[in-house]
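Student: The structure follows.
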Amino acid sequence: MTSAEWQLSTMEFILGWMFAVPTTIFVMERKEKFADVFKFIYEILHLLKEEAIKKYKKSR
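Here UniProt numbering is used: the first residue of the sequence shown is 1, the next is one more, and so on.
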């Protein structure tokens, strides 16, 4: 791993934590309202994954 790669991965790690920790705390405080939003997002991502799998199988 070169110096540039190490710096990039460290930056990604720090930025990830900068966003993840406050977001987690924010969601924990307002669990009820956000549970539905996250469930909705999860379902959309799940459907997109299913569609991608179908297209991949069709193309083979």
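Note that the Cβ used here is the ideal one computed from N, Cα and C, for glycine as well.
As the structure is a prediction and not an experimental result, all values here were calculated from the model.
Between the C-alpha atoms of glycine 16 and methionine 28, what's the straight-line distance to the nearest angstrom?
Tutor: Cα to Cα, the separation comes out at about 18 Å.
Student: Say yes only if the C-beta of lysine 55 is nearer than 7 Å to one or more non-hydrogen atoms of the ligand SAH, and no if none qualify.
Tutor: Of ligands this structure carries none, so the ligand SAH is not represented either.
Student: Which of the three DSSP states, helix, strand or coil, is assigned to threonine 2?
Tutor: In this structure, threonine 2 counts as coil in the three-state DSSP scheme.
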